[in-house]
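Here's the structure we're looking at; comments come further down.
Number of protein chains: 2
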Amino acid sequence: MNTPGSLPSEGLAAGLGEHGLIDLIRSRLSPAPPDLIVGPGDDAAIVRPDRGALQILTTDALVEGVHFDLRFSSPADVGHKALAVNLSDVAAMGGVPRFALLSLMLPAACTRANVEGLLDGLIGLAERSKVAIAGGNITRSPGPLVVDVTLTGSARPRRFLTRDAGRAGDRLYVSGAIGAAAVGLAWFQAQAAAGRGVLEPPADPGLAECLERHRRPEPRTRLGLLLGRMRAASACMDLSDGLADAVRQVAAASGTGALVDAARLPIHPAAARWFASHGIDPVQRALGAGDDYELLFAVSAKVKGRFRAAARLARGLPLTHIGELTSEPGVRLVTEDGVESELPPGFVHF
Amino acid sequence: MNTPGSLPSEGLAAGLGEHGLIDLIRSRLSPAPPDLIVGPGDDAAIVRPDRGALQILTTDALVEGVHFDLRFSSPADVGHKALAVNLSDVAAMGGVPRFALLSLMLPAACTRANVEGLLDGLIGLAERSKVAIAGGNITRSPGPLVVDVTLTGSARPRRFLTRDAGRAGDRLYVSGAIGAAAVGLAWFQAQAAAGRGVLEPPADPGLAECLERHRRPEPRTRLGLLLGRMRAASACMDLSDGLADAVRQVAAASGTGALVDAARLPIHPAAARWFASHGIDPVQRALGAGDDYELLFAVSAKVKGRFRAAARLARGLPLTHIGELTSEPGVRLVTEDGVESELPPGFVHF
Chain B
10 MNTPGSLPSE GLAAGLGEHG LIDLIRSRLS PAPPDLIVGP GDDAAIVRPD
60 RGALQILTTD ALVEGVHFDL RFSSPADVGH KALAVNLSDV AAMGGVPRFA
110 LLSLMLPAAC TRANVEGLLD GLIGLAERSK VAIAGGNITR SPGPLVVDVT
160 LTGSARPRRF LTRDAGRAGD RLYVSGAIGA AAVGLAWFQA QAAAGRGVLE
210 PPADPGLAEC LERHRRPEPR TRLGLLLGRM RAASACMDLS DGLADAVRQV
260 AAASGTGALV DAARLPIHPA AARWFASHGI DPVQRALGAG DDYELLFAVS
310 AKVKGRFRAA ARLARGLPLT HIGELTSEPG VRLVTEDGVE SELPPGFVHF
Chain W
10 MNTPGSLPSE GLAAGLGEHG LIDLIRSRLS PAPPDLIVGP GDDAAIVRPD
60 RGALQILTTD ALVEGVHFDL RFSSPADVGH KALAVNLSDV AAMGGVPRFA
110 LLSLMLPAAC TRANVEGLLD GLIGLAERSK VAIAGGNITR SPGPLVVDVT
160 LTGSARPRRF LTRDAGRAGD RLYVSGAIGA AAVGLAWFQA QAAAGRGVLE
210 PPADPGLAEC LERHRRPEPR TRLGLLLGRM RAASACMDLS DGLADAVRQV
260 AAASGTGALV DAARLPIHPA AARWFASHGI DPVQRALGAG DDYELLFAVS
310 AKVKGRFRAA ARLARGLPLT HIGELTSEPG VRLVTEDGVE SELPPGFVHF
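Protein chains in written order, with my numbering: chain B, 10 to 359; chain W, 10 to 359.
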């Protein structure tokens, strides 16, 4: 989870970086017990309860000043997004979301209306997603507002999706459109920097969509569930840290390379226009843009039929073939004129 | 979860207070689905996976400046305590702790040594408690260090403990000793206020125990599990917000009154001495002191035999009979000379 455009702070944990911090933690853990089916390192954990279905557990926090700015997002937007980012993780595992815990850290200036707004957004999405809020915790915060959500999900054995199950030759697909959330945030920041209001929506409906995508991402709950339940994908992960990062991670975890076709990328049309009008290369920027809670997944030729069936059930959500996993190592981008280059790096948190 | 002695901030959420905030949230939730066995309002949630054992889910955060002070606690102490407070919640439900998710919010000044220390404390306790770290999340914090842990536990149907299952006539018991953590914190604060060092331990070994209790509370994992598994208690909850608060909550949830015998309270001897030497009434202060992660539980006459058997298995942990649940409403304290008064209020978070 990140907010593209927010400057990552320097020097945290003596330059370890996010992956270094995660590696540090993993290196310190005991060997996983047999009932921890998927532990740290994927979008969420999968554990085996004593009998029956597997249970998915995930947690993701939104921190004021890092992931949201209350000038741009309402408390309801924040509540929605705090659950959405967790739903996206459960979707990326192919699970059915079940129970949420809500951990709130509230600054002294937080009003009752703020808390009610936050609940509006969170509970509204929970109800649409058939998620029950099972508990949580409230504490005061001497600093920013923090909304930390834990979500459980369930999945049947062998019907979940990890990022390490891709094979060379699998096609890579991405859902929906990319780059929209980044442009939404950039628009808010440009308006604020110019001293203009941010509450009046832009006239361009495509740009308005980008703002909405930043404020209220729609997790791909149904798609993830279909891909998992129908065993229609090999590897899967969500695009919280951008498409380039996701391709890199799926390829690395699967022990493959990857080739992405620049011309195929489903860049949101309004975002592409915005990038172009600001002199930014749309492909490079869209590949590095975080906060698009779309799914990247790999499909092997063997399951092509099941994938087509799942795609038909995805209610019109576009699923775009953007490239392949390759036996040749390296994560490359090929342009229309056949020029190959390395994929740009993803968003860096620290 | 609170830190006694830290001043609660005024005015949060327009004076709603913590219970008001919880009520507000509960009033906004949809009716619980049948597989949400225990929802918000108890120490933790209990959910029914598709088949098999029940799963307990809980989350509790430690926030720098609210729950800990890095002058008094090492990062390892904080890591230990962040898991301990969650283990205490699972113990209070009578469950076996299983999987933890670790959500970290790290300020830019946080060093690698800080993170390693934190993991030392957390993972050390996780290993002793047979808890697997199943995942988590890391983000930067523009404010305080936050360690938010989610813990799952399991329990068999009808073998878990809620706070609402007490009946008039049940005896009230408390584990271990109370007041120690509050005195530990008060000692640190007095040392710091006087410009004296806090790293040299006090000569009094009892007082040193109090410091340790503040920094590294020992959750009553085994006791909670025994009480739940052996059906040796009716109601149970932990003392995160103090004994008076716990008695009030168990009585209110169970629809009973309660009578607590001041002379029976197991006040930690060094804490009692410290209170007396500072002109503080030990009983009043110990009743209101939070941060003692002991268990309060109710035992009906019918299960006396099972309770004795569980107590024998509790490895020497003292279990003190401190009073009764009553059919007469009200939550009262009776002193040695027979004077009755209302129980003092518990700790107030906001």
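Ideal placement from N, C-alpha and C gives every residue a C-beta, glycine not left out.
Any residues in the segment 155–182 of chain B with a beta carbon nearer than 8 Å to a beta carbon of chain W? Which ones, in chain order?
For the segment 155–182 of chain B, the beta-carbon criterion of a distance under 8 Å to any beta-carbon of chain W is satisfied by V155, D157, T159, T161 and S163.
Please work out which residues of its chain come closer than 6 Å, Cβ to Cβ, to W/P84, disregarding the five sequence neighbours upstream and downstream, and give them in chain order.
Numbered from 1 along the second sequence, position 75 holds the residue referred to as residue 84 of chain W. Excluding sequence neighbours, W/P84 sits near N123, G126 and L127.
Since W/F169 and W/L304 should fall inside the 8 Å C-beta cutoff, what is the C-beta to C-beta distance between them, to a whole number of angstroms?
Position 160 of the second sequence holds residue 169 of chain W. Position 295 of the second sequence holds residue 304 of chain W. Actually they do not touch by this definition, with Cβ atoms about 14 Å apart.
Around the C-beta of W/L248, are 16 or more other C-beta atoms found within 10 angstroms, so that it is buried, or is it exposed?
As a working mapping, residue 248 of chain W is identified with position 239 in the second sequence. With 16 or more other Cβ atoms within 10 Å, it is buried.
If contact means a Cβ-Cβ distance below 9 Å, which residues of the segment 64–80 of chain W contact chain B?
So the close ones are Q64, L66, T67, T68, D69, A70, L71, V72, E73, G74, V75 and H76.
Compute the distance between the beta-carbons of W/R176 and W/H330, then report whether it is under 7 Å.
The count along the second sequence starts at 1 and reaches residue 176 of chain W at position 167. The count along the second sequence starts at 1 and reaches residue 330 of chain W at position 321. Not closer than 7 Å, so no.
In chain order, what residues of the same chain lie with their CB nearer than 7 Å to the CB of B/L328, ignoring the 5 residues before and after it?
Within the first sequence, residue 328 of chain B is the residue found at index 319, counting from 1. Closer than 7 Å at Cβ, skipping near neighbours: Y182, S184 and A320.
Starting from W/D157, follow its DSSP beta bridges and name the residues at the other end.
Residue numbering aside, residue 157 of chain W sits at position 148 when the second sequence is read from its first letter. Per DSSP, W/A70 and W/S112.
B/P211 vs B/A202 beta-carbon contact at 7 Å
For the purposes of this step, residue 211 of chain B is taken as the residue at position 202 of the first sequence. For the purposes of this step, residue 202 of chain B is taken as the residue at position 193 of the first sequence. Not closer than 7 Å, so no.
Should W/A143 be flagged as near chain B, meaning a C-beta pair shorter than 7 Å?
In the second sequence, the residue the question calls residue 143 of chain W occupies position 134. Interface residue, yes.
Secondary structure at W/A174, three-state DSSP: helix, strand or coil?
The residue labelled residue 174 of chain W in the question sits at position 165 within the second sequence. Judged by DSSP in its simplified three-state form, W/A174 adopts coil rather than helix or strand.
Among W/R222, W/P338 and W/A241, nearest to W/A261 - alpha-carbon criterion:
Within the second sequence, the letter at position 252 stands for residue 261 of chain W. It is W/P338.
Under a Cβ-count criterion, where at least 16 other Cβ atoms within 10 Å of its own Cβ denotes burial, should W/S36 be classed as buried or exposed?
Walking along the second sequence from the start, residue 36 of chain W turns up at place 27. It counts as exposed.
Apart from the five residues just before and just after W/E19, which ones in its own chain have a Cβ nearer than 7 Å to its Cβ?
Here residue 19 of chain W refers to the residue found at position 10 of the second sequence. With a pLDDT of only 33 at W/E19, under the threshold of 50, the placement of this residue in the model should not be trusted; the figure read from the coordinates follows. Within the same chain, W/E19 has no close Cβ partners at all.
Examine chain B for any beta-carbon lying closer than 7 Å to the beta-carbon of W/R240, and answer yes or no.
Within the second sequence, the letter at position 231 stands for residue 240 of chain W. Residue-level contact by beta carbon fails for W/R240 and chain B, as no gap is shorter than 7 Å.
Alpha carbons only, please: which of W/P153, W/R231, W/P275 and W/F108 is nearest the one belonging to W/L79?
Your numbering for residue 79 of chain W matches position 70 in the second sequence. Here the closest residue by C-alpha is W/P153.
W/S112 touches chain B at which residues, Cβ-Cβ below 9 Å?
Counted from its first residue, the second sequence places residue 112 of chain W at position 103. Residues of chain B passing the Cβ test: T68, D69, A70, S112, D157 and T159.
Closest to B/P275 by C-alpha separation, out of B/F81, B/S263, B/P291 and B/D69, would be which residue?
Taking the first residue of the first sequence as position 1, residue 275 of chain B is located at position 266. Checking every option, the nearest Cα to that of B/P275 belongs to B/P291.
Under a Cβ-count criterion, where at least 16 other Cβ atoms within 10 Å of its own Cβ denotes burial, should W/D213 be classed as buried or exposed?
For the purposes of this step, residue 213 of chain W is taken as residue 204 along the second sequence, with counting starting at 1. By the neighbour-count rule (16 or more Cβ atoms within 10 Å), W/D213 is not buried but exposed.
I want to see whether chain B comes within less than 7 Å of W/T148, judged by CB atoms only; does it?
Mapped onto the second sequence, residue 148 of chain W falls at position 139. Chain B contact via Cβ: present.
Would you call the segment 293–309 of chain W and the segment 229–245 of chain W in contact, with 3 or more CB pairs under 8 Å?
Between the segment 293–309 of chain W and the segment 229–245 of chain W there are three or more C-beta pairs closer than 8 Å, enough to call the two in contact.
On the DSSP bridge assignment, give the partners of W/S82 in chain order.
On the second sequence, residue 82 of chain W is found 73 positions in, with the first residue counted as 1. In the DSSP output, where bridge partners are listed per residue, W/S82 has none listed.
Which one or two residues does DSSP pair with B/N146 in a beta bridge?
To locate residue 146 of chain B, count along the first sequence from 1; it is residue 137. Its beta-bridge partners are B/S112.
The segment 281–295 of chain B touching the segment 187–207 of chain B, judged by at least three CB pairs closer than 8 Å:
Contact between the segment 281–295 of chain B and the segment 187–207 of chain B is present, because at least three Cβ pairs lie under 8 Å.
Run through DSSP, which three-state label would B/A186 get?
Sequence index remark: in the first sequence, residue 186 of chain B carries index 177 (1-based). DSSP places B/A186 in coil when its eight states are reduced to three.
Between W/D173, W/L342 and W/N95, which lies nearest to W/Q258 when the distance is taken from Cα to Cα?
Here the question's residue 258 of chain W lines up with position 249 in the second sequence. Answer by Cα proximity: W/D173.
Can you give me the start and stop residues for the alpha helix (DSSP H) that W/H287 sits inside?
As a working mapping, residue 287 of chain W is identified with position 278 in the second sequence. Premise fails: W/H287 is in no alpha helix (DSSP H) and is neither H nor E.
Cα-Cα, which of W/F316, W/C119 and W/V340 is closest to W/A271?
If you number the second sequence from 1, residue 271 of chain W lands on position 262. Selected option, being the one with the closest Cα: W/V340.
Which runs of the alpha helix (DSSP H), 4 residues or longer, sit entirely within the segment 213–287 of chain W?
Taken in chain order, the unbroken stretches of alpha helix (DSSP H) that lie wholly in the segment 213–287 of chain W and span 4 residues or more are 214–224, 230–238, 252–263 and 278–286.
Where DSSP assigns a beta bridge to B/R341, which residues make up the other side?
The residue you call residue 341 of chain B lines up with position 332 of the first sequence. Beta-bridge analysis with DSSP links B/R341 to B/L268 and B/E351.
Grab me the residues of W/M10's own chain with a C-beta within less than 6 Å of its C-beta, minus the 5 sequence neighbours each way, in chain order.
Here residue 10 of chain W corresponds to residue number 1 of the second sequence, with the count starting at 1. Its pLDDT being 29, under 50, W/M10 is placed unreliably by the model, and the measurement read from it follows with that caveat. The beta carbon of W/M10 sits closer than 6 Å to the beta carbons of D69, V94 and S249 from its chain, once the five residues preceding and following it are set aside; these are given in chain order.
Span of the alpha helix (DSSP H), counted from its first residue to its last, around B/F316:
Your numbering for residue 316 of chain B matches position 307 in the first sequence. According to the DSSP assignment, B/F316 belongs to the alpha helix (DSSP H) that extends over K313 to R321.
Please state the DSSP three-state secondary structure of W/M10.
The residue labelled residue 10 of chain W in the question sits at position 1 within the second sequence. Confidence at W/M10 is low in this model, with a pLDDT of 29, below 50, so the placement of that residue should be treated as unreliable; the coordinate-derived value is given next. Coil, per DSSP.
Going by C-alpha to C-alpha distance, which of W/L252, W/L194, W/A281 and W/H277 sits closest to W/A267?
Working through the second sequence from its first residue, we reach residue 267 of chain W at position 258. Selected option, being the one with the closest Cα: W/L252.
In whole angstroms, give me the CA-to-CA distance for W/L194 and W/R205.
Numbered from its first residue, the second sequence carries residue 194 of chain W at position 185. Numbered from its first residue, the second sequence carries residue 205 of chain W at position 196. If you take the alpha carbons of W/L194 and W/R205, they lie about 14 Å apart.
Span of the alpha helix (DSSP H), counted from its first residue to its last, around W/G332
Residue mapping note: residue 332 of chain W aligns to position 323 of the second sequence, counting from 1. First-last for W/G332: L328 to T335, but that is the beta strand (DSSP E), not the alpha helix (DSSP H).
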